[in-house]
Amino acid sequence: MITLGIETSCDETAAAVLDGHMVLSNVVYSQIKEHEPFGGIVPEIASRAHVEKIDAVYYEAVKTSGKSLEDIELIAATAGPGLIGALAVGYSFAKGLALARSRPFTGVHHMEGHLQANYIHDPSLKTPYLALVVSGGHTELIDVYDEFSYKLVSRTRDDAAGEAFDKIGKIIGLGYPAGGKIGKLAETGNPDFLKLPVMMRNKPDFSFSGLKTAVYYEVREKTDEWIRDNLNDICASVQEAIVNSLVDKTMMALKQLQYKRLVLAGGVACNGRLREKINDLAVRHGFAWQAPEPRYCTDNAAMIAVTAARRHAMAAPASYDFIFPSGKWYIQN
Ligand code: KG4
Ligand code: ZN
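Quick note: the sequence shown, position 84, residue 406 per the working numbering, numbers continuous.
Next up, the structure:
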């Protein structure tokens, strides 16, 4: 099944062509430059930039895949959640193309796409497993008890993990997005430099907004020079606090579900320290874990295409309309 995926939920214009789960092309245009001067994403600018780029990104994806438009058998686009104006661009583009070419069309939930990105390198991944889905807008532990069957285990009560990285990055002058920069700077820093609070200790849910406030109080009376001089240590402390919280709650959930398999997904799953800690625990406690390659952790269209292709191949219902109203893609107790 040759599948075209389109993703425009936030600040990346992305298109990908897959043959089954195999990625033939994966084109991502990041709007970082458009939003950088504003210190965060401006929804209207995002929508306009998607309109300007979608044609070129789509053409490049088809061209570099070695396939032609005629070869494409299934078309998929992110149906939500995300910035409504941004989503509308990719969704309308993909649905219009599907109608014009008489091809089946599938809307894909963005967070399910992040999770399903794991099937790109491991199509034989078997359920059940626990998934830690950590992005700029979401932090959720999901019990994947069967194919396309998701049950919420716990989630953040306030900020998402990626949002915490980004907001703290802004406080210490790193600009947007800051997750990757903090990860890099933290490599040579001392994680015990700042005494940061442990949020929701022994509780299944996450909370990160207190951490952001704690960092703000730590640095607000310090000079820019002090922050610069101690940047690696500050980043290491922040990263350690966020990663410890992710890891602790993941371990609690694994124990509770008695699962031996863990899957990471979303932009924060790129984080080296998170992967390192999970790997240590996996060795110690005897569970298997995996995460997509970093380029399939951050926003991309291959994850949207693989979700649609797998649902199509297994005849799982996939007629999602624009836009998922509640943003939920799992069942909740
Ligand atoms: O999944 P994603 O690309 O977009 C959303 O759906 O939100 O995730 C983006 C988030 C941003 O908050 C970014 O700071 C974070 O992922 N991120 C990282 C790293 N790379 C990206 N956070 C920590 N460490 C990283 N290496
Ligand atoms: Zn995302």
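Where is the CB? At the ideal position from N, CA and C, for every residue including glycine.
> Any idea if P403 is buried or exposed, counting beta-carbon neighbours within 10 angstroms, 16 or more meaning buried?
Replying inline: For this step, residue 403 is matched to residue 81 along the sequence shown. P403 is buried by the Cβ-count criterion.
> Closest by CA to Q612, which one among G327, N524, K448?
Replying inline: Here residue 612 refers to the residue found at position 290 of the sequence shown. Comparing Cα positions, the closest option is K448.
> When you compare only the Cα positions, how much space is there between A625 and R633?
Replying inline: As a working note, residue 625 is residue 303 in the sequence shown. As a working note, residue 633 is residue 311 in the sequence shown. What sits at residue 625 in the sequence shown is Met, not Ala. Near 12 Å, if we compare the C-alpha coordinates of R633 and M625.
> Can you name, in chain order, every residue of its own chain whose Cβ lies under 8 Å from the Cβ of V520, other than the five neighbours on each side?
Replying inline: Along the sequence shown, one-based indexing puts residue 520 at 198. Correct list, in chain order: A563, N566, S567.
>> Since S331 and L409 should fall inside the 8 Å C-beta cutoff, what is the C-beta to C-beta distance between them, to a whole number of angstroms?
In response: For the purposes of this step, residue 331 is identified with residue 9 of the sequence shown, where counting begins at 1. For the purposes of this step, residue 409 is identified with residue 87 of the sequence shown, where counting begins at 1. Confirmed, about 5 Å.
> When the Cα atoms are used, what is the spatial distance from S390 to G412?
Replying inline: Working through the sequence shown from its first residue, we reach residue 390 at position 68. Working through the sequence shown from its first residue, we reach residue 412 at position 90. If you take the alpha carbons of S390 and G412, they lie about 20 Å apart.
> Taking the alpha-carbon positions, what's the E366 to G501 distance?
Replying inline: Against the sequence shown, residue 366 aligns to sequence position 44. Against the sequence shown, residue 501 aligns to sequence position 179. Roughly 23 Å separates the two Cα atoms.
> Can you tell me where the beta strand (DSSP E) with C377 in it begins and where it stops?
Replying inline: Sequence index remark: in the sequence shown, residue 377 carries index 55 (1-based). In the sequence on display, residue 377 carries Asp and not Cys. Here D377 belongs to no beta strand (DSSP E); instead the alpha helix (DSSP H) covers 365-387.
>> Can you look up M636 in the DSSP assignment and give me helix, strand or coil?
In response: Residue mapping note: residue 636 aligns to position 314 of the sequence shown, counting from 1. In this structure, M636 counts as coil in the three-state DSSP scheme.
> What residue from M522, T545, N622, Y380 has the CA that sits closest to D480's CA?
Replying inline: On the sequence shown, residue 480 is found 158 positions in, with the first residue counted as 1. That would be M522, whose Cα lies nearest to the Cα of D480.
> Out of curiosity, what's the CA-to-CA distance linking P513 and I504?
Replying inline: By one-based count along the sequence shown, residue 513 stands at place 191. By one-based count along the sequence shown, residue 504 stands at place 182. Our two residues, P513 and I504, have alpha carbons roughly 12 Å apart in a direct line.
> What's the gap between the Cα of L496 and the Cα of G388?
Replying inline: By one-based count along the sequence shown, residue 496 stands at place 174. By one-based count along the sequence shown, residue 388 stands at place 66. Rounded to the nearest angstrom, the two C-alpha atoms are 39 Å apart.
> Quick one: what's got a C-beta closer than 6 Å to A337's C-beta in the same chain, skipping five residues either side?
Replying inline: Working through the sequence shown from its first residue, we reach residue 337 at position 15. Only I328, V349, V379, Y380, A383, A623 meet the Cβ criterion.
>> Can you tell me where the alpha helix (DSSP H) holding F415 begins and where it ends?
In response: Start at 1 with the first residue of the sequence shown, and residue 415 comes out as number 93. That run of the alpha helix (DSSP H) goes 406-423.
>> For I464 and G594, what's the separation of their Cα atoms in angstroms?
In response: The sequence position of residue 464 within the sequence shown is 142, counting from 1. The sequence position of residue 594 within the sequence shown is 272, counting from 1. One C-alpha to the other measures close to 22 Å.
>> Using only CA atoms, which one of Y581, K582, L516, R583 lies nearest to N552?
In response: One-based indexing of the sequence shown puts residue 552 at position 230. Per the Cα distances, L516.
>> Going by C-alpha to C-alpha distance, which of A587, D570, T510 sits closest to P614?
In response: For this step, residue 614 is matched to residue 292 along the sequence shown. Nearest C-alpha to P614 among A587, D570, T510: A587.
>> Taking its Cβ as the centre, do 16 or more other Cβ atoms sit within 10 Å of D444, making it buried, or is it exposed?
In response: Reading the sequence shown from its first residue, position 122 is the one you call residue 444. Exposed: under 16 other Cβ atoms inside 10 Å.
> Using the beta-carbon count (16 or more within 10 Å), is P647 buried or exposed?
Replying inline: Stepping through the sequence shown from its first residue, residue 647 is reached at position 325. In this predicted model, P647 has a pLDDT of only 49, less than 50, meaning its place in the structure is not dependable; the value taken from the coordinates is given anyway. So P647 ends up on the exposed side.
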